[in-house]
Amino acid sequence: MKNLSAFLFSILDRFMRFVELPTVYLQKKIGVQRMGYLFVAPNMVLFSLFVFLPVGLAIAYAFTGGTNMLIWDRPFVGLENFSRLLNCGSYMNPASCEFDLFWTAVHNTWWYTLLNATGTLVMALITAVVLNRLTKGKALFRSIFFYPVLLSPVVVGLIWKWFLARDGLLNALVLDLGGERTIFLLEVWWSRFWVVYVSIWFHMGFFTLIILAGLQAIPRDIYEAAKVDGTSEWRQFWRITLPLLTPNLLVVAVLLLIRSVQVFDEAWVLTDGGGPGTANTFIVQFIYQTAFSSEVRLYGLASAASVLMGLALLALTLIQVWLAKKAEY
Amino acid sequence: MLKFLTRTRHHGKMDITDILSWLWLTLGTAVIAIPIAWAMLSSLKTEAEVNSFPPSLIPQSTVNTQVEGYDKDLSVWQWTKTDGETKQVALVRRIGIKATVVDMDKPEKTFQVPISEITQLKDVHFQWQNYTDPLERFDFFTYIKNTVFVTVVATILTLLLNSMAAFALSKYKFRGKNAIFMLILSTLMLPLSVIMVPAFIVIVGLNLADNLWGVIFATVATPTGVFMLRQYMLTIPDDLIEAARVDAASEFRIYWRIVLPLCAPALAVLAIFSVIWRWNDFLWPLIVLSSPENYTLQIGLNAFQGQFSVEWHYILAMTVIALLPVTIVFLVLQKYITEGVAGSGVK
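Keeping their order, the protein sequence lines are chains A and B. Going by UniProt numbering, 277 is the number at position 277 of the first sequence; the sequence numbering is gapless. Going by UniProt numbering, 51 is the number at position 51 of the second sequence; the sequence numbering is gapless.
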């Protein structure tokens, strides 16, 4: 094993000597400090191709119509994509909109975001506070609570789909307790509840770790002083922990909002593509379907929806950056 | 164990907050572990067992036995007589509420019992075919091969490209350096979901649609990686690099033989994350890949469960395969992962 890795490394090293030759020549030409351009170049090429160019294209495509993929084959339509997306009798009622699916998705995403962000924040905060109290077994429980974060959305979706299935474990428990068998993922409100529940289950550990790091940054001697004064632990939480943690929590809350707005993967797998009906169709799914999985691929409309979502996320990001700056002082 | 569970920060008594804490931890552990454990146990059950309700906890299968005078194997049942005596019998046939059974020791004579008096015998049985069948009969071997390819190649490229960029941004002075760094950092805020449509169009333009390289190239330049490695490289003393320059080492050689080996701890953390990211990737491969022979495991598994939604014994087995590598990585390296996340806020 050791010999093998040494062997592989010597091959790699020899290969790198060939790569080195042209760089030596270049170094003589442009000087030492400008070699920085060479080192940063591959990264910048990829960023340009897959991030900066797409940002420009998203905006450009949002103003074009038709179904052609290449930008020069697409007619300029001005704000038509936006006006069609925003054409609504009442924004409260998706059925009154020209693109009712888009507004259904907006409504669903809004409610999902609100419930998921609140639920995750409360659960993660409680878990972090409980973990922070532990003197032993902290690492173990931290790992247990973090583990789901590392699973893939497909795995999480399928594990829960199986758990909630008609013949699943949950129905067995419900029947055992004298309840009625429910096909959870085919009922509108149950399916919405479980989508939020599964999301909290999936991502809570990540936010727990971040809040825990914030808790550990609170100086211990404040608690020592409180203890000397005989302050109860409950009171310590409300009077010391929560106020000192609030700047951190605000940053986490906005991060949660940003993540929640982009809900797609695990909800898509769990609900077989946003079902029942469109009860769990979210904005990213609308964009995905409009651009990739409908018969008429409306890249312009999908880009316009992306731009709208991007603007909402940008606003949230600016708030987050501002809050993070404030939290540092 | 009991002593460990009941110990508190104030010696001796356990107050209500301690009890609530432990309740929360126990409940949370159960909520996290039960669905996963349930999927794992179910993945080892036979097709009939998976589809039976109410479900059994441990994977079981029926006990069959050969009885003299019968061509087929007969299933073994436990017969509880009205007087409480129990006996094992083999079932010949069942009509209505009567069952015709045979005593296994005296196979020549059959007799009838009410079916309410017999229950089928089962023993623990792990159905490993659930794991081997999809690899042989469906395309799962290809999916796994593709995923391993994407994961390995993308991780190597991630380490190389991002460390090169980090080296440039931490050890050189050139015009536009800060602008480039800010530009890279700003992409941290830009999620894939916003740019997925035009990013796919770029992939089509590069002729990389439905190609694993299309999945790889779009993911290897990560702002997280550049940032993490740059912070680490800033701690490497410049004197070391100056000394190498005096010895006439080329800049590339300094990167390859001095800076890169010194960054091993940071590279290791990035490698762990990269492997987990690429193994789990869903939305991007879903957009880029369209033919089954190019599917990664996640995409293939999702397509399979859509197409064969009743074959839960296969779906669950492949789900376990999909979570296994990540689980092993986490079990071995959990300290680095949790500390990496807490320290940098990446996922």
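Think of the CB as a built atom: it goes at the ideal place given N, C-alpha and C, for glycine as much as any other residue. None of these values were measured; they are calculated from a predicted model.
Chain A contact residues for residue i, given Cβ-Cβ distances below 9 Å
| i | result |
| --- | --- |
| B:K81 | Simply none; closest approach about 29 Å. |
| B:Y172 | V32, Q33, R34, M35, G36, Y37, F39, V40 |
Residue j beta carbon less than 8 Å from that of residue i
| i | j | result |
| --- | --- | --- |
| B:L157 | B:V202 | no |
| A:W201 | A:P148 | yes |
| A:A172 | B:P55 | yes |
| A:Y61 | A:G300 | yes |
| A:V307 | A:I59 | yes |
| A:A41 | A:L257 | no |
| A:A128 | A:T208 | yes |
| B:L44 | B:N130 | yes |
| residue 348 of chain B | B:V320 | Past the boundaries of the shown model lies residue 348 of chain B; chain B is included only from 1 to 347, so the question cannot be answered. |
| B:M14 | B:F140 | no |
| A:I126 | B:W24 | yes |
| B:R230 | B:S170 | yes |
| B:P134 | B:Y314 | yes |
| B:A218 | A:F50 | yes |
| A:I210 | A:Y223 | no |
| B:W284 | B:V326 | no |
| A:V188 | A:E266 | no |
First and last residue of the uninterrupted beta strand (DSSP E) at residue i
| i | result |
| --- | --- |
| A:P22 | From DSSP, A:P22 is part of no beta strand (DSSP E) but of the alpha helix (DSSP H) over 2-30. |
| B:S75 | 74-80 |
| B:D123 | 122-124 |
| B:Q60 | 60-62 |
Strand pairing of residue i, partner residues [DSSP]
| i | result |
| --- | --- |
| B:T110 | B:V102 |
| B:R253 | B:R253 pairs with nothing; no bridge assigned. |
| A:C88 | A:C97 |
| B:I118 | B:W79 |
| A:F76 | A:T64 |
| A:T113 | According to DSSP, A:T113 bridges with nothing at all. |
| B:T65 | B:L74 |
Element boundaries [alpha helix (DSSP H), containing residue i]
| i | result |
| --- | --- |
| A:D221 | 220-228 |
| B:T147 | 140-171 |
| A:A291 | Taken as a continuous stretch (DSSP letters only), A:A291 belongs to no alpha helix (DSSP H), as it is neither H nor E. |
| B:R93 | No alpha helix (DSSP H) holds B:R93; the beta strand (DSSP E) holding it covers 86-95. |
| B:M182 | 177-186 |
| B:T132 | 129-137 |
| A:S191 | 188-216 |
| A:T246 | 242-261 |
| B:R278 | 264-280 |
| B:P35 | 16-42 |
| A:G157 | 153-163 |
| A:V174 | 169-176 |
| B:V310 | No alpha helix (DSSP H) holds B:V310; DSSP gives it neither H nor E. |
| A:G275 | Premise fails: A:G275 is in no alpha helix (DSSP H) and is neither H nor E. |
| B:M233 | 223-233 |
Contact list for residue i against chain B, beta-carbon separation under 8 Å
| i | result |
| --- | --- |
| A:T118 | Near A:T118 there are no residues of chain B at all, since even the closest Cβ is about 18 Å away, more than 8 Å. |
| A:M92 | Under the 8 Å cutoff, chain B gives no residues; its nearest Cβ is about 25 Å from A:M92. |
| A:T23 | S250, E251, F252 |
| A:Y299 | V197, I201 |
| A:L212 | A342 |
Inter-residue CB distance, residue i and residue j (contact presumed, cutoff 8 Å)
| i | j | result |
| --- | --- | --- |
| B:L286 | B:I299 | 6 Å |
| B:I216 | B:A154 | 5 Å |
| B:I276 | B:V329 | 7 Å |
| B:L192 | B:G225 | In fact, because the Cβ distance is near 16 Å, the residues do not count as touching under 8 Å. |
| B:L41 | B:I58 | 7 Å |
| B:V197 | A:I287 | 7 Å |
| A:K326 | A:P247 | 6 Å |
| B:A264 | A:F39 | Incorrect: roughly 19 Å between the Cβ atoms, too far for contact. |
Partners in chain A for residue i, counting only beta-carbon separations shorter than 7 Å
| i | result |
| --- | --- |
| B:T338 | R142, S143, F146, L209 |
| B:A221 | N43, L46, F47 |
| B:I276 | L150 |
| B:I36 | I159 |
| B:V326 | L150, L151 |
| B:N130 | Result: empty, since nearest Cβ-Cβ is about 13 Å, beyond 7 Å. |
Contacts of residue i in chain A (Cβ-Cβ under 8 Å)
| i | result |
| --- | --- |
| B:R253 | E20 |
Within chain B, partners of residue i - CB distance below 9 Å
| i | result |
| --- | --- |
| A:F50 | I195, A199, V202, I203, F217, A218, T219, A221 |
| A:T127 | W24, L25, G28 |
| A:Q27 | S250, E251, F252 |
Within chain B, partners of residue i - CB distance below 7 Å
| i | result |
| --- | --- |
| residue 330 of chain A | Here chain A covers residues 1 to 329 and nothing more, so residue 330 of chain A does not appear. |
| A:V269 | N302 |
| A:V154 | F282, Q298, L301, N302, A322 |
Residue i CB to nearest heavy atom of the ligand GTP below 7 Å
| i | result |
| --- | --- |
| B:T82 | Inclusion of the ligand GTP in the displayed structure is not the case, the ligand content being empty and no account of it being possible. |
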